[in-house]
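*Asks:* Below is one structure. I have some questions about it.
Protein chains in written order, with the working numbering: chain H, 13 to 855; chain B, 3 to 260; chain X, 61 to 385.
Shown next, in the form of structure tokens:
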């Protein structure tokens, strides 16, 4: 029956919760000429939406997931297709009791009502829970159960009323692209279906578990894997049937068994994230016709569920005698980092992904993508963690996706530490010094694909030298070592060498390179050759897209150096805006260049031993690039000395050819021995050193929701040249003092109610007023800890947070919540708490 | 009552059934397996009879080792014993199957005494040979009627009688089989219960007696399976308003349900 | 000779028998053998003449007191005795419940292979190796089988071909066959027949009127009830309805409810979620009433009315009343 038009402005593929909400939101944003396709029938085309358990627990430690979940819950509520059933996470273990305290903290951060319940209080709400095995409950009254199919239908109807053409039972066979002027630049052109070809400007892939298969049609890649989530519907149960509605009792999440019990009318749905990871290739998912139930309701494998049954019966004895009426291996989407895949695909212009999204966040994420397509950036909240361009090539293969998804599947209800490291797929990218670092017993943290030493066990002797205290609570000490504090103090006293080879380095070249570079950056890139600038890149709305260093390498050559967490996004952004007249070429030269940072009072001595270059501020001024020859034990290597510091002590980033790295390392280690040089880890570079100086980090302090004025990164003047986000930036400046400012706070007393010293982790802990109130601004942005860590040189635990203007001045007394306890904090500075005059940088 | 149910493990497909490349089997790569539906009802009926009259239900299957799953499933809904005649998984023809089952039942009866009732499915969901139950019953000298959609056991009437109902147009036929007897039952005889969680967990402890069979192949052999030519049935739209009512009633009259 | 065992109920020929004769006519021609028929428990002239109309050149009859009414064992034994005496090259029956059952009895008694629900049978020139295409999975799959048998026992797939009379009717030769039947065979003869009047259940109702979320409220099921009562059917519903507490779970059609097998399922305001479809798909015919032409139930239905069920259902009821009046 379905036919497709020959032309469209935008084709959305997939009519699940995401695709339906997307066409609805696009229509509300003024889009016309939309087409919505699905290979299945309506309203349930057979994807994951059709069998979702449809409940939303609003509290998540992750800001993006939590706020978009809340957005989604509200959209369901606004349609009247949501019931606030309430929900309780129950703890069976002490470790989980602690985690529930952390949940309370996150609930406070995001402003979500929550209460800790005694077992008796749990029983009052859910009388069939066995309280003998429950230690505590975490209750959210706004846990909701939603009707995702009807929501999808209504949102689709919004679009249909705006002229959207809907073609169900229509399968996409191919996506046609067209080459653009720059190398590797392709643009989406048409969608080929079994009902005809649609010429179109935009295509959105909202195909759930099939998304990568559809992306592959355009030689693009969406890294997700269809994974099984087992669910059994047991009943009928009189006590449930008597409620006479879909959901009458709060949903219970049995956190320690990774299971949930959710009433569905007269029966109980028992769902599990506890079973072995079971993955399917998208090509192996049956069609609607082939499937016994639906394509994403795969045959139940009971052997995988038996343990969960026993545990469910332990918690709710009545379940044991109820019949298993319906049980499935339901498919859902997992990604290698457990975050969704949103945004334009880096491979093909105007080909968008709205994938790896669950029902609980569907409407909100659809809104994000719709806004992104409309305004060039999402407005609801910052979603850099979900940006599909974040992935490196090593993250795009099935081996990686399957291994990582297997690792985090059982952590769906797990207790995941903010610093938690992956076990699988390590050593994908290593620096030239990797074997040397291994010999020094480096503890490696992985930044996306890159291994970076966080500290060196070989520096354990420094712990005694500096009398560094350990942390008494295991949670605080997890993924942490007192060595990192000792390395910090050594750097301040002597010298530290930091491996920065994970820097992502791009070069723009050609007659238009400098002008283009200026178009990307807030600050002026058109500086003399040999100078650099540190600059924000803004979104079209004037928030942070990025924050990085740009170097004028030549008349027509600009180098971009950015952090490893943002390499994918920044490369895509750079390529995406590249002029089409051929005046600028782009190259990613990360693999060619290694970087070592040497900082500390002795840094000039160490570097000076390798070169005759004048290393004084005159010969190597701050922010300058100097090409030198370094004498490395008889060999001379070419290097560029970049005088800069992210740790607050003088020193250089040394850029050299990748292959020259080992000899450079060995020479610096040998020469540095006399100057107290120690290999120093990311704990100093990324946390304690930068924190003491109040240096901001993209993705932590800097997000698209904040502008340079709020971040304290606005320069006195605005350059004349145009740049992305200039108008909103100018408007913000004209509006006067920013509403909030980034501050460094000191924790005044770390002692908790049990007399233990506790150390905030920087996991969005809320900053509260002295009378315990949340602090929010007129945009609803909450004051929360963006980074936390030790300040060894100021002898305080330090926090960074945005605070409203009236609070953002030194001396303001506030509180921070950590593990559901309050600790006194004081605003120390909107800049540095250590050496605020930067005297040490001039050394 | 001692009741024996014969069940068959079959794939549980959707509307479109795929065949393996060699054409010798259903491609079950994304399918689950189930007890053939008539036989699932047979087990339910047997369990209900023992719930009313006491006794035990033994479930017998011939199939690959994985067919033990179907025995456990039967145990999870109330069957007491499970016996597996293991094959290599290839399709056994009806004669061979019947001989193997007959041998197995003789062995079980020799050990523990005769079964009062043998329950077969009317035909298997997959190969649909319509004959195994009849062959086995004949070989064992038991009366059998197929197509049964209702059973009452009367242990009082001389030696015991099975009253069995078979559907006909507008009603049903009644048969009275002297026990020991056999029936071929059809779906609809009951609504089979689902296993409870406790039933499922208990069924894992079922001890399955395994037997081998030396039955020889019969005269029918599978060459290949294939899908019939697809007939696309377009939905006939009778109308877009209540004005369609006469057309609807025409359809109802054509089907003879008005 | 190809012998077709004719199914009849107390003298009334069954459509399956006509189909078998039609199928047998073609097969007999392939075999180069005459088409003969067997009547068990009857020798009515009408039956004989109808067999002739379908091309049977000879009709054998077996009459015995045990054969007065249908009994699978007695019929099977009588037919087996005929086969023993007449030595047909092959035996065929219609693939009905009785046809398959009697053929299975013959197969058991003669210890011969039997192939049920055949669509094509190729005697392969009579070498004793028959190539057969038959139904599996209720016709969803076809099986090419090889049958090695000196005397194939076959049934023809029910309603897979239309019964057609022979171009020229034959006046069959009739011959009574003496069958010596053990009185104990009466143990499986029909004892009684019960005619059902009312009290149909959802799983056995000939008509089911289904209502889904689109019905809107418990009260709005009244017109569905009225139509169901008028057609001797029952009202069923989707999971959304029971979830909303509009109707009891026992009315739910679906994976977790009842699986229905009516002559026609009138699904109104039901989108056709897979869960529901699993319970409804065994319906012989489906008519969907839905405002959404892309609804799964509409796409899968034989007939559909794209309109509001609240208007269509009463209109159907009125139309039936009008015609009955």
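In this text, a Cβ means the ideal position worked out from N, Cα and C, and glycines have one as well. Quick caveat, the model's predicted, so the values are computed rather than measured.
Under 9 Å, Cβ to Cβ, is there at least one residue of chain H near residue 319 (chain X)?
*Replies:* So no, residue 319 (chain X) is outside the interface.
*Asks:* How many angstroms separate the CA atom of residue 13 (chain H) from the CA atom of residue 356 (chain X)?
*Replies:* With a pLDDT of 49 at residue 13 (chain H), under the threshold of 50, the modelled position of this residue cannot be trusted; read the value that follows with caution. C-alpha separation (whole angstroms): 12 Å.
*Asks:* Does the distance from the CB of residue 267 (chain H) to the CB of residue 102 (chain H) come in under 9 Å?
*Replies:* Contact flag set, yes.
*Asks:* Does residue 243 (chain B) get closer than 9 Å to chain H when you measure Cβ to Cβ?
*Replies:* No, because no Cβ of chain H sits closer than 9 Å to the Cβ of residue 243 (chain B).
*Asks:* Looking at C-alpha atoms only, which residue of H:66, H:132, H:149 and H:536 is the closest neighbour of residue 106 (chain H)?
*Replies:* The option with the nearest alpha carbon to residue 106 (chain H) is H:149.
*Asks:* Short of 9 Å Cβ to Cβ, which residues in the region 173-202 of chain B face chain H?
*Replies:* Listed in sequence order: 195, 196, 197, 198, 199, 200, 201 and 202.
*Asks:* Is there at least one Cβ from chain B nearer than 9 Å to residue 323 (chain X)'s Cβ?
*Replies:* Output row for residue 323 (chain X): interface = yes.
*Asks:* What ranges does the beta strand (DSSP E) occupy inside the region 5-52 of chain B, keeping only unbroken runs of at least 3 residues that lie completely in it?
*Replies:* For the region 5-52 of chain B, whole beta strand (DSSP E) runs of length 3 or above, ordered along the chain, are 11-14 and 34-37.
*Asks:* Give the residues from the region 267-278 of chain H that approach chain X closer than 8 Å (Cβ to any Cβ), ordered along the chain.
*Replies:* Listed by position along the chain: 276, 277 and 278.
*Asks:* Report the rounded CA-to-CA distance for residue 74 (chain X) versus residue 194 (chain X), giving the unit in angstroms.
*Replies:* Taking the straight line joining both Cα atoms gives about 21 Å.
*Asks:* Since residue 662 (chain H) sits in a beta bridge, which residues does DSSP pair it with?
*Replies:* Partner(s): none; residue 662 (chain H) has no beta bridge.
*Asks:* From this set, H:261, H:231, H:334 and H:206, which residue's C-alpha is nearest residue 201 (chain B)'s C-alpha?
*Replies:* The candidate whose alpha carbon is nearest that of residue 201 (chain B) is H:334.
*Asks:* Leaving out five residues before and five after residue 184 (chain B) in sequence, what residues of the same chain have Cβ atoms less than 6 Å from its Cβ?
*Replies:* Excluding residues within five positions, the ones whose Cβ falls inside 6 Å are 120, 139, 144 and 146.
*Asks:* Looking at chain X, is there any beta carbon in it that lies within less than 9 Å of the beta carbon of residue 132 (chain H)?
*Replies:* Residue 132 (chain H) does not count as touching chain X.
*Asks:* Under the three-state reduction of DSSP, which class applies to residue 433 (chain H): helix, strand or coil?
*Replies:* If DSSP states are grouped into helix, strand and coil, residue 433 (chain H) belongs with coil.
*Asks:* So if DSSP puts residue 91 (chain H) in a beta bridge, which residue, or which two residues, is it bridged to?
*Replies:* Answer is none; residue 91 (chain H) lacks a bridge partner.
*Asks:* Of all the residues that make up the region 333-347 of chain H, which are near chain B by a beta-carbon distance shorter than 7 Å?
*Replies:* Listed in sequence order: 333, 334, 335, 336 and 337.
*Asks:* Using a C-beta to C-beta distance shorter than 7 Å, which residues of chain B count as neighbours of residue 381 (chain X)?
*Replies:* In chain order: nothing, as chain B lies at least about 10 Å away.
*Asks:* According to DSSP, simplified to helix, strand and coil, what is residue 111 (chain X)?
*Replies:* In the structure shown, residue 111 (chain X) sits in a helix (DSSP, three-state: H, G or I).
*Asks:* Any beta carbon from chain B within less than 9 Å of residue 180 (chain X)'s own beta carbon?
*Replies:* For residue 180 (chain X), the answer is no, since every Cβ of chain B falls outside 9 Å of its Cβ.
*Asks:* From the DSSP output, read off the bridge partner residues of residue 457 (chain H).
*Replies:* According to DSSP, residue 457 (chain H) bridges with H:464.
*Asks:* Should the region 195-202 of chain X be regarded as contacting the region 160-172 of chain B, the criterion being three or more beta carbon pairs within less than 8 Å?
*Replies:* The answer is no - the region 160-172 of chain B does not touch the region 195-202 of chain X, with fewer than three Cβ pairs under 8 Å.
*Asks:* Checking contacts by CB at 9 Å: is residue 299 (chain H) closer than that to chain B?
*Replies:* Taking Cβ atoms only, chain B reaches closer than 9 Å to residue 299 (chain H), which makes this a yes.
*Asks:* With a 10 Å radius around its C-beta and 16 neighbouring C-beta atoms as the bar for buried, classify residue 83 (chain H) as buried or exposed.
*Replies:* Burial call: buried.
*Asks:* Got a sec? Which residues, its chain only, sit under 7 Å from residue 249 (chain H) by beta carbon, not counting five neighbours each side?
*Replies:* So the list reads 278, 279, 280, 330 and 334, once near-sequence residues are dropped.
*Asks:* Considering only residues of the same chain and omitting the five flanking positions on each side of residue 726 (chain H), which have a CB-CB separation below 6 Å?
*Replies:* So the list reads 720, once near-sequence residues are dropped.
*Asks:* Name the residue from B:123, B:165 and B:248 whose alpha carbon lies nearest to the alpha carbon of residue 253 (chain X).
*Replies:* Of the listed residues, the one whose Cα sits closest to residue 253 (chain X) is B:165.
*Asks:* Take residue 325 (chain X) as the anchor and find which of X:288, X:299, X:303 and X:232 has the nearest alpha-carbon.
*Replies:* With distances taken between Cα atoms, residue 325 (chain X) lies closest to X:288.
*Asks:* Interface residues of chain B around residue 345 (chain X) at Cβ under 7 Å?
*Replies:* 257, listed in chain order.
*Asks:* Should residue 601 (chain H) go down as buried or exposed, given a rule of 16 or more other Cβ atoms within 10 Å for buried?
*Replies:* It is exposed - the Cβ of residue 601 (chain H) has fewer than 16 other Cβ atoms within 10 Å.
*Asks:* Taking 9 Å as the CB-CB cut-off, is residue 10 (chain H) touching chain X?
*Replies:* Missing from the structure shown is residue 10 (chain H); chain H here goes from 13 to 855 and no further.
*Asks:* Within the 9 Å Cβ cut-off, does residue 372 (chain X) reach chain B?
*Replies:* Judged by the 9 Å Cβ criterion, residue 372 (chain X) is in contact with chain B.
*Asks:* Does the Cβ-Cβ distance between residue 511 (chain H) and residue 642 (chain H) come in under 9 Å?
*Replies:* Their beta carbons are not under 9 Å apart, which means residue 511 (chain H) does not touch residue 642 (chain H) by this criterion.
*Asks:* Applying the criterion that 16 or more other CB atoms from any shown protein chain within 10 Å of the CB defines a buried residue, is residue 439 (chain H) buried or exposed?
*Replies:* So residue 439 (chain H) ends up on the exposed side.
*Asks:* When we look at the beta-carbon of residue 293 (chain H) and count the other beta-carbons within 10 Å, is it buried (16 or more) or exposed?
*Replies:* It counts as exposed.
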